[in-house]
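Participant: In my numbering, the protein residues as written are 34 to 423.
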Ligand SMILES: Cc1cc2nc3c(=O)[nH]c(=O)nc-3n(C[C@H](O)[C@H](O)[C@H](O)COP(=O)(O)OP(=O)(O)OC[C@H]3O[C@@H](n4cnc5c(N)ncnc54)[C@H](O)[C@@H]3O)c2cc1C
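#1: Assuming residue 109 and residue 93 are in contact, meaning their beta carbons sit under 8 Å apart, how far apart are those beta carbons, in whole angstroms?
#2: Where DSSP assigns a beta bridge to residue 192, which residues make up the other side?
#3: Taking the alpha-carbon positions, what's the residue 39 to residue 417 distance?
#4: Over what stretch of residues does the beta strand (DSSP E) that includes residue 236 continue unbroken?
#5: Taking three-plus beta-carbon pairs below 8 Å as touching, is the region 153-171 in contact with the region 190-197?
#6: What does the Cβ neighbour count give for residue 139, buried or exposed, with the cut at 16 atoms within 10 Å?
#7: Are at least three pairs of beta-carbons, each pair with one atom in the region 362-381 and one in the region 301-310, less than 8 Å apart?
#8: Under a Cβ-count criterion, where at least 16 other Cβ atoms within 10 Å of its own Cβ denotes burial, should residue 36 be classed as buried or exposed?
#9: Are there 16 or more other CB atoms within 10 angstroms of the CB of residue 67, so buried, or fewer, so exposed?
#10: To the nearest angstrom, how far is the alpha carbon of residue 32 from that of residue 249?
#11: Around the C-beta of residue 144, are 16 or more other C-beta atoms found within 10 angstroms, so that it is buried, or is it exposed?
#12: Assuming residue 118 contacts residue 323 (C-beta within less than 8 Å), just tell me the rounded distance between them.
#13: Do you know how far the Cα of residue 175 is from the Cα of residue 69?
#14: Within the same chain, show all residues whose beta-carbon is closer than 7 Å to that of residue 134, passing over the 5 residues directly before and after it, in chain order.
#15: Given 7 Å as the limit, tell me if residue 410 has its C-beta closer than that to any heavy atom belonging to ligand 1.
#16: Compare the Cα-Cα distances from residue 243 to each of 376, 217, 285 and 372 and report the closest residue.
#17: DSSP puts residue 366 in a beta bridge; with which residues?
#18: Quick one: complete alpha helix (DSSP H) runs, 4+ long, within the region 259-341?
#19: Quick check on residue 453: buried or exposed, where buried means 16 or more other Cβ atoms within 10 Å of its Cβ?
#20: According to DSSP, simplified to helix, strand and coil, what is residue 201?
#21: DSSP three-state label for residue 407, please.
#22: Any heavy atom of ligand 1 closer than 7 Å to the beta-carbon of residue 406?
#23: On the DSSP bridge list, what partners appear for residue 222?
#24: Is DSSP giving residue 150 helix, strand or coil here?
#25: Can you list, in chain order, the residues of its chain whose CB lies under 8 Å from that of residue 357, leaving out five sequence neighbours each side?
#26: Taking all protein chains shown into account, do 16 or more other C-beta atoms lie within 10 angstroms of the C-beta of residue 223, making it buried, or fewer, making it exposed?
#27: From what residue to what residue does the alpha helix (DSSP H) around residue 181 run?
#28: Beta carbon of residue 319: closer than 7 Å to some heavy atom of ligand 1?
#29: Where does residue 60 land, buried or exposed, given buried means 16+ other C-beta within 10 angstroms?
#30: How long is the line joining the alpha carbons of residue 105 and residue 329, rounded to whole angstroms?
#31: Would residue 267 and residue 178 qualify as a contact pair, given that the criterion is a beta-carbon distance under 8 Å?
#32: Whole angstroms is fine: what's the gap from residue 406's alpha carbon to residue 185's?
#33: With respect to the alpha helix (DSSP H) encompassing residue 113, which residues constitute its N-terminal and C-terminal limits?
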């Protein structure tokens with residue numbers, strides 16, 4: 034495992050820092066735990082995305098012939114880490130930028146690449162992800178939304194749920210069943226659906242954080258032209274697997290957790306709990322876990338740098354950080370004593386209730402991008418070689 038950075042990588046780190054100093058205004062920094070707030074300013078998130086795109090950062094890992102910089106996994110990690118350290122906000126079109134655009138480079142038609150990729154990166158076209166359904170989450174292949182060929186185009190009927198940002202999305206990348214007679218995984222296709230059409234209704238779901246960041250999508254006769262079918266009919270599952278391959282964490286999260294632990298220690302001191310042995314042990318444990326997480330990130334990075342694709346170990350990383358964050362947020366709420374029960378925004382809440390908000394948000398982290406139970410199944414079967422459960 035490689036624990037150091039080369040001189041060239043340190044020069045690159047300095048370049049990122051200098052750019053951030055010039056382009057990321059102080060008032061945009063540290064907008065909530067992990068940089069995530071459902072009530073965040075969407076115009077600012079779009080503007081931030083535009084700046085990143087103009088700076089060439091959204092194509093950092095892309096090959097040079099596609100206008101990218103061909104950055105190594107280590108350089109990408111350095112970039113993400115510096116963004117996290119600077120408290121950079123998330124971008125409005127994050128799902129399109131991080132998941133769909135690279136997927137279109139692999140599976141999209143020439144027309145789709147030309148029509149969409151630059152507009153996705155530049156923030157002119159915002160996509161949401163329409164995979165999950167009321168009865169198809171972990172068991173995604175059980176999805177029931179139908180797409181039928183009628184009058185020269187595809188007509189979609191069904192319901193999607195938990196679609197983040199669907200209320201402001203222009204389009205959705207969405208899975209629908211095109212061949213009900215085929216095996217569950219084979220009859221699925223991948224569509225790009227216009228969200229601003231009569232056959233699409235979006236209803237935000239009120240969350241316990243108070244936000245309405247994710248939504249239900251009702252499709253009743255929504256129309257998709259052939260040019261917006263990605264790949265062949267029936268290739269949707271394979272394309273979805275490519276999408277999941279782009280869902281990863283890394284050193285950026287390590288930097289966020291290290292900062293969160295330092296802030297937790299300050300909070301404990303400020304609340305007069307710094308000498309309580311139980312609190313001290315929990316904060317120390319959080320520090321140890323954040324450090325272990327950094328080492329896991331560096332190990333994964335070393336493997337990526339050596340050319341290995343992320344395997345089932347990615348499940349260990351996801352399980353580790355999401356469970357760790359839950360513990361960290363819980364400690365932060367506990368050290369506040371009765372104040373920990375106050376809702377974010379309450380005039381008496383400590384630090385405007387940001388830790389309570391973080392605690393609530395952390396409950397979602399062990400669900401999205403594969404729940405903890407699903408990750409444990411993968412680790413049991415594919416890492417430890419245990420027999421499949423029933
Ligand atoms: C914040 C957030 C944002 C999201 N954004 C999107 C989005 O933009 N687009 C989108 O399509 N989806 C999105 N999702 C949905 C997410 O992908 C699903 O919630 C997730 O796949 C789990 O599916 P489910 O909610 O249907 O739960 P279920 O699959 O019904 O699971 C319920 C419980 O049963 C457990 N379980 C299920 N199967 C097994 C098994 N085989 N073995 C052991 N335990 C099992 C699960 O771990 C869980 O505890 C989002 C979710 C969250 C929380």
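Where a beta carbon is used, it is the ideal one built from N, C-alpha and C, also for glycine.
Facilitator: Let's see:
#1: Yes, they are in contact, since the Cβ atoms of residue 109 and residue 93 sit about 6 Å apart, within 8 Å.
#2: 251
#3: In a straight line, the C-alpha of residue 39 is about 34 Å away from that of residue 417.
#4: 233-238
#5: yes
#6: The C-beta of residue 139 has fewer than 16 other C-beta atoms within 10 Å across all chains shown, which makes the residue exposed.
#7: Between the region 362-381 and the region 301-310 there are three or more C-beta pairs closer than 8 Å, enough to call the two in contact.
#8: exposed
#9: The pLDDT assigned to residue 67 is 42, lower than 50, so where the model puts this residue is not dependable, and the model offers no usable value.
#10: Here the chain has residues from 34 to 423 only, and residue 32 is not among them.
#11: exposed
#12: About 14 Å; that fails the 8 Å criterion.
#13: At residue 69, the pLDDT of 46 sits below 50, so the modelled position is not reliable and the matter cannot be decided from this model.
#14: Leaving aside the five residues that flank residue 134 on each side, the residues in its chain whose CB is nearer than 7 Å to its CB run, in chain order, 150, 153 and 154.
#15: yes
#16: 376
#17: Answer is none; residue 366 lacks a bridge partner.
#18: The region 259-341 contains these whole alpha helix (DSSP H) runs: 269-278, 284-303 and 310-338.
#19: Since the first residue shown for the chain is 34 and the last is 423, residue 453 is missing from the structure and cannot be characterised.
#20: DSSP, reduced to helix, strand and coil, places residue 201 outside both helices and strands of the structure shown, so it counts as coil.
#21: helix
#22: yes
#23: 209
#24: helix
#25: Result list for residue 357: 290, 319, 322, 323 and 326, in chain order.
#26: buried
#27: No alpha helix (DSSP H) contains residue 181, which is instead part of the beta strand (DSSP E) from 179-183.
#28: no
#29: exposed
#30: 18 Å
#31: no
#32: 43 Å
#33: 106-118
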